[in-house]
Each structure stands twice: as C-alpha cells, then as structure tokens.
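This note's numbering puts the first residue of the sequence shown at 6, with every later residue one more than the last.
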Amino acid sequence: MTELSAPFAPDWVSPPGETILDLIEERGWTQVELAKRLGYTEKHISQLINGKVPLTDDAALRLERVLGSSAGFWLAREAKYREHSARLEAERMYENSVQWLNELPIKELIANGAIPKIRNDVKNRLNLVDACLRFFGVASPEEWRNYYGGMQVAFRRSRAEQSDIGAISAWLRLGELQAEKLDGPKYDKTRFESTLKVIRGLTRESPEIFEPQLRKLLSEAGVIFVLVPSIPRAHVSGVARWLSPTRPMIQLSLYGKTNDKFWFTLFHEAAHILLHANTKEEKKSVFLDDPNTSHTDNPQEHEANQWSGDWLIPSCYASSLGSLRSKTAVETFAQEIGIHPGIVVGRLQHDGVIDPSWMNELKTSFRFKQETNA
C-alpha cells in the first residue's frame with residue numbers, strides 16, 4: 006500500500022471580498038460608491054469585503070445586478086470561504102490534540118484499512134487526526150474522550166490488563182462499523198436459545214461450513230455476529246454488548262484461537278446476552294472477555310464461564326471426563342455427545358485432567374478471511 010502525503014492545504018483563505026475589490030478596482034469605483042450602488046452602509050461594505058459578516062442571499066442578488074456574475078457564484082464563493090475558514094480553525098485546535106494519536110493503535114488501524122496509510126510524521130499528523138476522527142465518528146478528540154472514555158463505566162473486564170482505552174475503543178469501533186452494514190429482526194430470546202442448540206452441532210464442522218450458517222442463524226435470532234481482527238494492546242478476544250435495547254452483538258477476534266477457545270468464547274458471550282441483560286442498566290454493560298484469563302473476581306464472568314462449559318459438555322457427562330486418557334477415548338466421547346474432540350481436549354486441559362501439552366493435535370486453529378490483514 007502506498008503511503009499518502011498530505012494534500013495541498015494552504016493555511017490562508019480568501020474571502021469573497023477580495024473578488025469584490027478586484028472588480029470595483031477594474032471599474033475605478035471606491036467602496037463608498039459601491040455602498041451607494043448596493044444600498045448598504047459603508048461599514049457593512051467594509052465588513053463584507055473583510056469577511057466579517059456573511060454574504061447573504063440578498064447580498065448575492067445585489068452583487069449579481071451591480072458587479073455581474075450570478076448570485077450562485079457569490080453564494081458558492083461565500084460557502085467555500087466559510088468551509089475553509091472552519092477547517093483552518095479546526096486545524097488550529099487539532100495542533101493541541103496531536104498527542105491524542107499516541108493513545109491510539111495507529112499501526113493496526115492502518116493495517117486493517119480502517120484509516121488511510123498516511124505517513125506518521127510532523128507534516129502529516131493533522132491529517133492523521135482527521136482520519137481517526139472520521140473513523141471513530143466523532144468531531145474532536147474531546148468528543149472521543151467523552152464518548153469512548155465515558156464508556157469505561159460500562160466495561161465489565163475479565164482481566165486487569167484491559168485498560169488501554171485507545172486500543173479497546175478502536176476494536177469496538179471496528180465491530181460497530183461492521184454492524185452498521187447488517188440488518189435483521191429484533192432480538193428474540195426464545196429463538197436465540199433454540200439457535201444455540203443448533204450451533205452447538207456445528208462445532209464439528211470446518212470454518213468454511215459453519216461460519217456462514219453461524220452468521221445466518223444468529224441473525225435470524227436478532228443477534229449480530231461480527232469477526233474483527235485483533236488489536237493486541239486491547240487484550241480482548243470477545244465482547245458481548247447491546248448496540249440498542251433490541252440489538253445485541255457478539256464480536257470475536259481469532260487471535261491465537263484454536264477451536265476449543267473459539268467455541269467456548271462464543272458461548273460465553275451468548276451467556277452474557279441470555280443471563281445478564283434483564284434490565285436497561287444491564288444492557289448498558291460491555292463485557293470484555295479473554296478466554297486466556299486464569300482468574301477473575303467478576304461473578305458474571307464466573308456464571309458465563311460455567312454456562313458455556315456446561316453448554317458444550319453438559320454436567321451429566323462431567324463424571325466421564327476423568328477417564329479420558331487417550332486420543333481414541335476423547336474422540337469416542339466427543340462423537341457420543343456431538344462436539345469436536347478439540348473442545349474435549351481443551352476442557353481436560355483446563356480442568357487439569359491432562360497436561361496442557363497433551364493431545365493438542367486434536368484441536369484445530371482458526372483463521373477466517375476477515376483477519377488476513379491483521
């Protein structure tokens with residue numbers, strides 16, 4: 006990808022008054038004479054020429070009659086002047102905000118195509134600020150801090166390292182942008198529960214088979230599902246959140262995911278939607294999860310972990326896990342309960358039945374197309 010340099014953007018702006026001055030000089034008129042011809046006071050003409058007052062529709066029509074050129078020309082000239090003036094003022098404000106870029110994962114956003122590949126140097130930093138504001142959909146770094154920084158109160162973290170708001174907000178925003186392109190029915194809890202039973206049966210399939218079915222099934226139940234490339238500094242591989250009272254979303258990355266972690270995380274996020282969204286306040290929560298977390302004090306995380314584990318391997322089969330000491334036994338057991346053997350291996354490792362280095366060849370590593378640029 007070719008790096009972009011900053012486009013030409015002069016730090017000066019010419020008001021319509023300069024064109025007015027050129028035209029009256031050609032005619033040999035003074036500003037006093039122009040004021041009389043237009044029917045304005047000398048003070049108003051001076052302010053108009055110096056850009057101190059806006060060029061109105063009435064002024065455009067008068068200029069059309071007195072100096073020529075259409076009213077549309079004068080109004081367009083005024084609009085360009087005001088727009089450029091606003092941009093210059095914004096840039097002056099941005100100059101005090103370039104430090105904001107240090108809070109953001111610029112490299113990852115460029116790699117994901119979320120912002121243009123602009124060279125990160127002094128000359129181009131204002132353009133990077135503008136690109137990041139467009140990406141987040143906010144007017145200024147202050148609004149970003151108010152919106153995404155304010156979102157921290159809703160974060161339900163599974164590990165202490167989840168404190169890099171720039172990285173977390175970037176990953177969440179990537180999911181929001183995907184979700185904006187999707188449509189579907191309102192959330193139906195009963196259908197969602199039934200759908201999860203069907204999805205459990207997809208764990209034995211390859212990604213090429215289960216991924217489109219997974220998206221379709223969840224969408225029909227009113228749950229948005231998106232895969233977003235990981236941002237390491239975020240320390241988040243899964244999130245459950247509600248974009249609106251009727252639009253829950255599950256967002257996953259595939260960073261270092263084998264199929265046992267993928268499916269556990271998916272059902273873990275599903276548990277948050279089913280169990281922890283009974284009130285308006287609960288629906289404001291943003292559950293930031295990492296299946297690699299060894300410990301959490303959050304009771305909702307414990308509940309989601311338990312629910313996910315039991316959904317994949319129902320508790321009635323738990324007593325059989327201690328006897329699974331060979332690949333053949335694991336594969337037979339997985340076949341009997343209808344899940345992928347890699348999930349059984351992950352459970353055995355987690356419970357300490359086998360060493361973390363055992364039977365990993367029964368697992369499958371995932372990498373969907375969505376993460377090829379990560």
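Where a beta carbon is used, it is the ideal one built from N, C-alpha and C, also for glycine.
- Task: For Asp294, count neighbouring C-beta atoms within 10 Å of its own C-beta (all shown protein chains included) and say buried if the count is 16 or more, exposed if not.
- Result: Label assigned to Asp294: buried.
- Message: Suppose contacts are defined by Cβ-Cβ distances below 8 Å. Is Asp265 in contact with Ile348 by that definition?
- Response: Yes; because the gap between Cβ atoms is below 8 Å, this pair is in contact.
- Skipping 5 residues on each side, what residues in its chain have a beta carbon closer than 6 Å to that of Val193? Position check: residue 193 holds Asp in this sequence, whereas Val was assumed. If we look at Asp193 and ignore the five residues flanking it on each side, its Cβ neighbours are Ala226, Gly227.
- Message: Could you tell me the alpha carbon to alpha carbon distance between Glu181 and Phe215, rounded to whole angstroms?
- Response: 23 Å
- Item | In chain order, each beta strand (DSSP E) run of at least 3 residues that lies wholly inside the segment 309-336 | none
- Would you call Gly314 buried or exposed, if buried means 16 or more other Cβ atoms sit within 10 Å of its Cβ? buried
- Item | Paired residues, beta bridge with Ser249 - DSSP | DSSP, once it has assigned bridges, lists Arg252 as partnering Ser249.
- Considering only residues of the segment 164-214, which uninterrupted alpha helix (DSSP H) runs meet the minimum length of 4 residues and lie entirely inside it, listed in chain order? Listed in chain order, they are 170-185, 194-205.
- Task: Name the residue from Leu131, Glu83, Ile115, Gly118 whose alpha carbon lies nearest to the alpha carbon of Arg97.
- Result: Checking every option, the nearest Cα to that of Arg97 belongs to Leu131.
- Query: Which full runs of the alpha helix (DSSP H) of 4+ residues lie inside the segment 12-84, going along the chain?
  - Reply: 21-32, 36-43, 47-54, 62-72
- Task: Pull up the distance between the alpha-carbon of Ser331 and that of Pro234, whole angstroms please.
- Result: When rounded, the distance between both Cα atoms is 35 Å.
- Taking the Cβ atom as the reference point for each residue, do Ser242 and Lys262 lie within a distance shorter than 8 Å? The answer is yes: Cβ separation under 8 Å.
- Message: Can you look up Pro244 in the DSSP assignment and give me helix, strand or coil?
- Response: It is Val, not Pro, that sits at residue 244 in the sequence shown. The answer is strand: DSSP assigns Val244 an E or B state.
- Does the beta-carbon of Gly343 have 16 or more other beta-carbons within 10 angstroms, so that it is buried, or is it exposed? exposed
- Would you report the Cα separation of Arg352 and Val335, rounded to the nearest angstrom? Cα to Cα, Arg352 sits roughly 11 Å from Val335.
- Task: Can you tell me which of the three DSSP states Ser370 falls into?
- Result: strand
- Task: Could you say if the segment 21-30 and the segment 56-74 meet the contact criterion of at least three C-beta pairs nearer than 8 Å?
- Result: yes
- Message: Quick check on the DSSP output: the beta strand (DSSP E) that includes Leu353 runs from which residue to which?
- Response: For Leu353, no beta strand (DSSP E) segment is defined; the enclosing uninterrupted segment is the alpha helix (DSSP H) at 346-355.
- Task: Inspect the beta-carbon positions of Leu177 and Ala275 and report whether they are closer than 8 Å.
- Result: no
- Within the chosen definition, does the segment 43-51 reach the segment 106-116 through at least 3 CB pairs nearer than 8 Å? no
- Cutoff 6 Å; reference Ile123; Cβ partners in own chain excluding five residues on either side: Leu9, Asn129, Asn132, Leu133
- Message: My output table needs one value for Asp126: the three-state DSSP class, helix, strand or coil.
- Response: coil
- May I ask you to report which of helix, strand or coil DSSP gives Ile278? helix
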